[in-house]
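Peer 1: Listed in order, the protein sequences are those of chains V and Z.
Just so you know, the first sequence maps onto residues 167 to 964 in the working numbering.
Just so you know, the second sequence maps onto residues 1415 to 1605 in the working numbering.
Quick reminder that beta carbons are idealized off the backbone N, C-alpha and C, glycines included.
Quick caveat: nothing in here was measured; it's all calculated off a predicted structure.
What follows is a single structure, and I will ask about it in a moment.
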Amino acid sequence: MKYNVILLFVCLWGSISTAQECKSILLGEIIDFHNNTPLTGATVIITGKNKQTVSNNQGKFRFEKLCDGILELEVSHPECTSEFITLTINGDTYKKILLEHHLEELDEVKVTGAIANNTSSAQEGRLSLKEVEKYSGNSLGDALKTLTGVSSLNTGANIVKPVIQGLMGSRVLILNNNVRMQDMEWGEEHAPNVDINANQDISVVKGAAALEYGGDAIGGVIIMNPLPIIRTDSLFGKTQTNLFSNGRGGNITTSLTKSYNSGFYIKGQGSFKQLGDLETPNYLLTNTGIQEKGASISIGKRDFLQGYEAYYSFFDSDIGILRASHIGNVDDLIQSINSQQPNSINDFSYIIEQPNQEVTHHLGKLNYYRRFEGLGKLNVQYDFQENRRLEYDVRVGADANKASLDLSLTTHSISTDFRFDSKDGLEVKTGLLGRYQINFANPDTGVRRLIPDYNKYDFGVFGVAEYKLKDNLMLDMGIRYDFSRIDAKKFYRVSRWDERGYDEDFSAIILEDLGTQLLTNPIFDFHNISATAGFEYQFGKETKLRFNYALAQRAPNPSELFSEGLHHSAARIELGDLRLKSETANKVSLSLEKNSSKWGYTLAPYLNTINDFIVLEPTAVEFTIRGAFPVWAYRQTNAQLIGLDASVYNNWSLKIRTDHNFSWVSGTDISANIPLINIPPANFNNSISYRNPNWKNLILGLESRYVFEQKRFPPNINVFSPEQQQEVELVINTPPPAYHLLALDAETSYSIRNKNDLNVGLRITNLLDTSYREYLNRLRYFVDDLGRNISLRIIYNY
Amino acid sequence: MKTIKRVQKQTKMKTTLILLSLGLMTLSCSNDDDNPVAVDEEEVITTMNISLTAAGNTVTLSSQDLDGDGPNAPEINVTGTLSANTVYTGSIELLNETESPAEDITLEVAEEDDEHQFFYNVSGALSGFDYVDVDGNNNPVGLSFTITTGDAGTGILQVTLRHEPKKPNDGTLADAGGETDIAQSFSIGVE
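Spelled out as structure tokens, the structure:
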């Protein structure tokens, strides 16, 4: 705990009597910063002078016979750490000292404290720094999968979208250093544009309970914060490198932080990653390399009273997409599904060719906070983001090196919030948000725009409160309103416009008729309300019960509204719908937790009922000169997700610990009474670890992951195959069988200059080189998943 | 004194922050209201024309899909009928008719003939097919070919254009792999 001081001194006598007489008196008053009540029993020491006193029951203290000049006070209170205050004595002096006396407070506290939750009643998870470091060479989605209830939707191994309790994409918000990522999260093959090595304090709120971040987090919120910077004069750095056998490459990341006693700091970080073609146990995956670059810099000052931060981060990735997954029509897809082997396998290469995607993300932020005594804390922030996405297809002739999709998404946000924390046991936070976003689709691609040009305006206001009713009962609640307007300029093919029936409902939005195409100007407004309420009840020292209800509404995203075109990667025509409304989720979750030093468990069931759930699924087949294509259209239905996340750990001895996690979710379209598509199969993870601090801090771990077969999936569709001249079943929805993977991890620490400053780890994933396919990998039709990977990680702190 | 200074500093900072934000906002808001330009699809094949000729008699098969991946199915036309037990010389033409004048895609295929191959599958009253042309590596292309008719009846001709197939291949689509650029079938009367 820290506290701080306002320098407020008054000269009672303006006399400039001879300074060396040492007759001055210091009168001090120690006051609780939050509610202005006097603090009794604080010890005050004049450092180096051997003078000491204790504040009385009015919070006052007094020193006499002081010499004029500068002196330093050390003020400590039984519940706080010591604070040093420098002040000038110039005759008799009065000093008011405001102590910060709440338990949570200053972010620095998190270093030592146990898990600080984002909400008190919702289900949450947090990655330890060790876990984050283990996945430093992978992606955010890979690391999050270690949390119970979090899975991922992959396009190969390098495009990993986090899935929280069965939901993903626009239903999952990502807060990157308090900035909500705006990186075209709407696409299934769009991974979050974040460097896992930049902001390593990573937690997840499962559901929409964290209203301050957004009201549309029907799936949940991923919060990535920088590790706290300790307020002391120091310069420290960390370099980590990971080398991988599978992909024959690796990554390196370095951070350097200079901090000062005053609270000022400057931190820089950079990462680079390069992998070549990945391998399954039996064959090479041609064109699956990746190159990733990330850099960030932050400059700021954190003081108890006020602080600011300027932050900039850059992220760039070039990801190869499996050559064999780029196909021409439904017959190619049928053939790929039947052949079980990719038809093009080349020699190993680091070169990334078409099809591939190049994404660049810039993020800048300015943040300022100030505390007001007896009231609370004000926070003001402006942030800017630019996301540029280039997707390359296999093209011919002059267009061979031209992108097929070229989108630039620019976002400006201003937000402010105020936290009222002056009353013991009650904390209220209110805030406002304004956001402006422009999407530009470059027409030079020579391919009709999949996502149109648009401007989007958002406005949000929220209030959340936490109230400690009893020592063991915490209540929380919140409400939020969001307005959003999307103003697009979109070209429609006349034939599509008529086929969708837009000619009847939307004729008023046509700006221009170009013969075969129409230029239209759809403008839609959405008003969304979200709310949450819950409690945390503690019985005994070790057991907690949490209950949360969350109402959330989400406006359809640009892809759901406007997409219209052919996706080569899936050989499908994707169609948005201008008639979509916001979806509304009602989620009830319960969590029973026990945590003791010996053992603990979490049992967390939930029920998420979503009205007007927007789902993308195969609906029909259309014929073109290139053959037949399944049409995937967005539609709205009522859905229900019911699930359970359970985990148990046990410390069998000081050295041996086991962990057991199980998560299961079942999703149903309750209007049509069919299972929902892309619901993660149940999985069961077990691990055993052995640690011996006497043997160079050895930690040995064996991890087992069993993924069940998903038995609940929507029916396959039948299509006419021009090649076979008959109707055939397209086994596009049938999930692959269950699989079991083992991983081994070993690490030790060495002391080079400081204690345990060098950490070396060896990790082998898919230890037995098992061939398997994963239901939530979009490339499962074409190829097996990754084979064995041996990786070495070296972390050096200095 | 110090306090006042601090407060001033804060106010200044806040003002700067707000001004900066507003500045950036207005800067970006001054986005012009011009309408985006339409994209005319390049490298799209809208039309395939096949002509089969024997003894001065020409039969034309065509497939035209002007809305590309739009909802309308291609329009298929067959002019006339083939004579039984005859060898026909065939040629194929690909066009992009979304452009005016229409772009001849056949030329592009001919230029990159080592990366392309047409596959013709005959059945029913059509009894035989042979490639006439080859690429630089002596592998078949299929821009010109022959088709032999059998006894009278109805014949089915399936035409597939593959981009980046395995070359050489055993003549089946399954072995060739690659990406389908065209897949169309015609039903032709043989008299």
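Below 8 Å between beta carbons: does that hold for residue 539 of chain V and residue 484 of chain V?
Peer 2: By 1-based counting over the first sequence, the position of residue 539 of chain V is 373. By 1-based counting over the first sequence, the position of residue 484 of chain V is 318. In this structure, residue 484 of chain V does not lie closer than 8 Å to residue 539 of chain V by Cβ.
Peer 1: For residue 700 of chain V and residue 637 of chain V, which I take to be in contact (beta-carbon distance under 8 Å), what is that distance rounded to the nearest angstrom?
Peer 2: Counting from 1 along the first sequence, the entry for residue 700 of chain V is found at position 534. Counting from 1 along the first sequence, the entry for residue 637 of chain V is found at position 471. Not quite, the Cβ-Cβ distance comes to about 18 Å (not below 8 Å), so this is no contact.
Peer 1: Please state the DSSP three-state secondary structure of residue 1520 of chain Z.
Peer 2: In the second sequence, residue 1520 of chain Z corresponds to position 106, counting from 1. Residue 1520 of chain Z falls in the helix class under three-state DSSP.
Peer 1: Determine the DSSP secondary structure at residue 898 of chain V, reduced to helix, strand or coil.
Peer 2: Start at 1 with the first residue of the first sequence, and residue 898 of chain V comes out as number 732. Residue 898 of chain V: coil per DSSP, three-state reduction.
Peer 1: Identify which residue in V:749, V:902, V:336 has its Cα closest to the Cα of residue 357 of chain V.
Peer 2: Within the first sequence, the letter at position 191 stands for residue 357 of chain V. It is V:336.
Peer 1: Below 8 Å between beta carbons: does that hold for residue 770 of chain V and residue 762 of chain V?
Peer 2: If you number the first sequence from 1, residue 770 of chain V lands on position 604. If you number the first sequence from 1, residue 762 of chain V lands on position 596. No, Cβ-Cβ distance for residue 770 of chain V and residue 762 of chain V is not below 8 Å.
Peer 1: Output, in sequence order along the chain, the residues in the segment 1471-1488 of chain Z whose CB is closer than 9 Å to any CB in chain V.
Peer 2: Answer in chain order: 1477, 1478, 1479, 1480, 1481, 1482, 1483, 1484, 1485, 1486, 1487, 1488.
Peer 1: Does the beta carbon of residue 1531 of chain Z sit closer than 8 Å to a beta carbon anywhere in chain V?
Peer 2: The residue given as residue 1531 of chain Z occupies position 117 in the second sequence. For residue 1531 of chain Z, the answer is no, since every Cβ of chain V falls outside 8 Å of its Cβ.
Peer 1: Step through the CB atoms of chain Z and report whether any lies within less than 8 Å of the CB of residue 826 of chain V.
Peer 2: The sequence position of residue 826 of chain V within the first sequence is 660, counting from 1. For residue 826 of chain V, the answer is no, since every Cβ of chain Z falls outside 8 Å of its Cβ.
Peer 1: Keeping to the same chain, check which residues put their C-beta closer than 6 Å to that of residue 866 of chain V; ignore five residues upstream and five downstream.
Peer 2: Counted from its first residue, the first sequence places residue 866 of chain V at position 700. Around residue 866 of chain V: 856, 912.
Peer 1: Show which residues of chain V have a CB atom less than 9 Å away from the CB atom of residue 1562 of chain Z.
Peer 2: To locate residue 1562 of chain Z, count along the second sequence from 1; it is residue 148. Under the 9 Å cutoff, chain V gives no residues; its nearest Cβ is about 20 Å from residue 1562 of chain Z.
Peer 1: Could you give the distance in angstroms between the alpha-carbon of residue 1464 of chain Z and the alpha-carbon of residue 885 of chain V?
Peer 2: Taking the second sequence and counting its residues from 1, the one referred to as residue 1464 of chain Z is at position 50. Taking the first sequence and counting its residues from 1, the one referred to as residue 885 of chain V is at position 719. Residue 1464 of chain Z and residue 885 of chain V: Cα-Cα distance of roughly 26 Å.
Peer 1: Name the chain Z residues that come within less than 7 Å of residue 615 of chain V, Cβ to Cβ?
Peer 2: Here residue 615 of chain V refers to the residue found at position 449 of the first sequence. Here the neighbours are 1453.
Peer 1: Which residues in chain Z have a C-beta closer than 9 Å to the C-beta of residue 560 of chain V? List them in chain order.
Peer 2: Residue numbering aside, residue 560 of chain V sits at position 394 when the first sequence is read from its first letter. In chain order: 1577, 1578, 1593.
Peer 1: Grab me the residues of residue 1596 of chain Z's own chain with a C-beta within less than 7 Å of its C-beta, minus the 5 sequence neighbours each way, in chain order.
Peer 2: On the second sequence, residue 1596 of chain Z is found 182 positions in, with the first residue counted as 1. For residue 1596 of chain Z, where only same-chain residues beyond five positions count, the Cβ hits under 7 Å are 1459, 1462, 1573, 1574, 1575.
Peer 1: Determine, using beta carbons only, whether residue 491 of chain V and residue 945 of chain V come nearer to each other than 8 Å.
Peer 2: Numbered from its first residue, the first sequence carries residue 491 of chain V at position 325. Numbered from its first residue, the first sequence carries residue 945 of chain V at position 779. Going by C-beta atoms, residue 491 of chain V is nearer than 8 Å to residue 945 of chain V.
Peer 1: Output yes or no for whether 8 Å exceeds the beta carbon distance between residue 1473 of chain Z and residue 1496 of chain Z.
Peer 2: Sequence index remark: in the second sequence, residue 1473 of chain Z carries index 59 (1-based). Sequence index remark: in the second sequence, residue 1496 of chain Z carries index 82 (1-based). Taking 8 Å as the Cβ cut-off, residue 1473 of chain Z and residue 1496 of chain Z qualify as a contacting pair.
Peer 1: Would you decide whether residue 214 of chain V is buried or exposed? Buried here means 16 or more other CB atoms lie within 10 Å of its CB.
Peer 2: Residue 214 of chain V sits at position 48 when you count from the first residue of the first sequence. Flag for residue 214 of chain V reads exposed.
Peer 1: Could you work out which residue in V:924, V:930, V:702 is closest to residue 909 of chain V when comparing CA atoms only?
Peer 2: Here the question's residue 909 of chain V lines up with position 743 in the first sequence. Ranking V:924, V:930, V:702 by Cα distance to residue 909 of chain V puts V:930 first.
Peer 1: Whole angstroms is fine: what's the gap from residue 437 of chain V's alpha carbon to residue 303 of chain V's?
Peer 2: Within the first sequence, residue 437 of chain V is the residue found at index 271, counting from 1. Within the first sequence, residue 303 of chain V is the residue found at index 137, counting from 1. Rounded to the nearest angstrom, the two C-alpha atoms are 10 Å apart.
Peer 1: Please give me, in chain order, every unbroken run of the beta strand (DSSP E) with length at least 3 that falls completely inside the segment 611-646 of chain V.
Peer 2: Listed in chain order, the complete beta strand (DSSP E) runs (minimum 3 residues) inside the segment 611-646 of chain V are 619-636.
Peer 1: By how many angstroms is the C-alpha of residue 924 of chain V removed from the C-alpha of residue 916 of chain V?
Peer 2: As a working mapping, residue 916 of chain V is identified with position 750 in the first sequence. As a working mapping, residue 924 of chain V is identified with position 758 in the first sequence. Using only the alpha carbons, I get a separation of about 5 Å.
Peer 1: With DSSP run on the structure shown, which of helix, strand or coil describes residue 474 of chain V?
Peer 2: As a first step, residue 474 of chain V must be located in the first sequence, where it is residue number 308. Here residue 474 of chain V sits in strand by DSSP.
Peer 1: Determine, using beta carbons only, whether residue 493 of chain V comes closer than 8 Å to chain Z.
Peer 2: The residue you call residue 493 of chain V lines up with position 327 of the first sequence. Residue 493 of chain V counts as touching chain Z.
Peer 1: Does any C-beta atom of chain Z lie closer than 8 Å to the C-beta of residue 194 of chain V?
Peer 2: In the first sequence, counting from the first residue as 1, residue 194 of chain V sits at position 28. False, the Cβ-Cβ gap to chain Z never drops below 8 Å.
Peer 1: Quick one: grab the DSSP three-state call for residue 862 of chain V.
Peer 2: Working through the first sequence from its first residue, we reach residue 862 of chain V at position 696. Note: residue 862 of chain V maps to coil in three-state DSSP.
Peer 1: So if DSSP puts residue 352 of chain V in a beta bridge, which residue, or which two residues, is it bridged to?
Peer 2: As a working note, residue 352 of chain V is residue 186 in the first sequence. DSSP output for residue 352 of chain V lists no bridge partner at all.
Peer 1: Please report whether the beta-carbon of residue 1582 of chain Z lies at a distance below 8 Å from any beta-carbon of chain V.
Peer 2: Position 168 of the second sequence holds residue 1582 of chain Z. Closer than 8 Å: no.
Peer 1: Quick check: is the beta carbon of residue 1588 of chain Z nearer than 8 Å to any beta carbon in chain V?
Peer 2: As a working note, residue 1588 of chain Z is residue 174 in the second sequence. With 8 Å as the cut-off, residue 1588 of chain Z counts as an interface residue toward chain V.
Peer 1: Quick one: is residue 903 of chain V buried, meaning 16 or more other Cβ sit within 10 Å of its Cβ, or exposed?
Peer 2: Here the question's residue 903 of chain V lines up with position 737 in the first sequence. So residue 903 of chain V counts as exposed.
Peer 1: Residues of chain V with a CB under 9 Å from the CB of residue 1599 of chain Z: which are they?
Peer 2: Position 185 of the second sequence, counted from the start, is the residue given in the question as residue 1599 of chain Z. Within chain V, the residues near residue 1599 of chain Z are 888, 889, 891.
Peer 1: Any beta carbon from chain Z within less than 8 Å of residue 659 of chain V's own beta carbon?
Peer 2: As a position in the first sequence, residue 659 of chain V is number 493, starting the count at 1. At least one chain Z Cβ lies under 8 Å of residue 659 of chain V.
Peer 1: Please report the residue range of the alpha helix (DSSP H) in which residue 876 of chain V lies.
Peer 2: Along the first sequence, one-based indexing puts residue 876 of chain V at 710. Counting along the chain, residue 876 of chain V falls outside any alpha helix (DSSP H), and DSSP gives it neither H nor E.
Peer 1: Determine, for residue 226 of chain V, whether the minimum Cβ-Cβ distance to residues of chain Z falls below 8 Å.
Peer 2: The residue labelled residue 226 of chain V in the question sits at position 60 within the first sequence. Chain Z, which has no Cβ nearer than 8 Å to the Cβ of residue 226 of chain V, makes this no.
Peer 1: Starting from residue 796 of chain V, follow the beta strand (DSSP E) in both directions and report where the run begins and ends.
Peer 2: Residue numbering aside, residue 796 of chain V sits at position 630 when the first sequence is read from its first letter. First-last of the beta strand (DSSP E) with residue 796 of chain V: 793-817.
Peer 1: Could you round the C-beta distance between residue 373 of chain V and residue 755 of chain V to whole angstroms and report it? I think they count as a contact, below 8 Å.
Peer 2: For the purposes of this step, residue 373 of chain V is identified with residue 207 of the first sequence, where counting begins at 1. For the purposes of this step, residue 755 of chain V is identified with residue 589 of the first sequence, where counting begins at 1. Sure, about 6 Å apart at Cβ, within 8 Å.
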